[in-house]
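In our numbering, the protein residues as written are 97 to 275. Have a look at the structure below before the remarks.
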């Protein structure tokens, strides 16, 4: 099967030649190939969003205010793709006391560990004690450490644009972190 990048490339070639009908046809084919490769269930996404909204209420956080790390590290840059997060990342990374981690799956080990707990994610976050939270934070920092250069800055910025859906979990684990 022909890959999506090839179709997208052909689309750009025909667009530059001002053959817009051919360009559009190749773009349509590229999108069709891409759709086949991506499994996305809008209903599952809606169900997860509802669960997250129910889980991460004001009462949830108010009743757990004293749990978590007193550290203000890391700083999480959240947003949606094409929203300017890369510009923020570049500006922050230019400061000598700031290290940025750009679009890495540092939180994946934490999500996997939470999913393996009774109730799965996000329900498992409700019953975590301080030791469990400490273990989850350690998983995050273990994933983060290999991405940091020696002598990294005092402030660590973790940028992943699609992470707003994980903001509740991150707030639970790092209540004093900045977003």
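We put the CB at the ideal spot given by N, CA and C, even for glycine. This one's a predicted model, so the numbers in the text were calculated from it and none came from an experiment.
- A distance below 8 angstroms separates the beta carbons of residue 177 and residue 257.
- Assignment of residue 197 by DSSP, reduced to helix, strand and coil, places it in the strand class.
- Put simply, the segment 234-253 does not touch the segment 140-157. Fewer than three CB pairs are less than 8 angstroms apart.
- For residue 208, the closest alpha carbon among the candidates 272, 150, 106 and 231 is that of 231.
- Shortest Cα-Cα distance from residue 141 to any of 266, 262 and 274 involves 262.
- With a contact defined as Cβ atoms closer than 8 angstroms, residue 197 and residue 255 qualify at about 7 angstroms.
- Shown here, residue 113 sits in coil according to DSSP, grouped into three states, outside any helix or strand.
- Taking a C-beta distance under 8 angstroms as the contact criterion, residue 179 and residue 252 do not qualify as a contact pair.
- For residue 147, DSSP assigns no beta-bridge partner whatsoever.
- Taking a contact to require three or more Cβ pairs closer than 8 angstroms, the segment 180-192 and the segment 231-242 do not qualify as touching.
- Burial state of residue 126 is buried, judged by a 10 Å Cβ sphere holding 16 or more other Cβ atoms.
- Rounded to whole angstroms, the Cβ separation of residue 210 and residue 217 is 4 angstroms, and the two are in contact under 8 angstroms.
- Annotation note: the segment 188-264 contains the following uninterrupted alpha helix (DSSP H) runs of length 4 or greater, listed N- to C-terminal: 204-212 and 226-240.
- Taking C-alpha positions only, residue 136 is separated from residue 129 by approximately 14 angstroms.
- Residue 273 is not a Cβ neighbour of residue 174, given a cutoff of 8 angstroms.
- Under DSSP, residue 171 forms a beta bridge with 253 and 274.
- Residue 213 is positioned such that its CB atom lies closer than 8 angstroms to that of residue 220.
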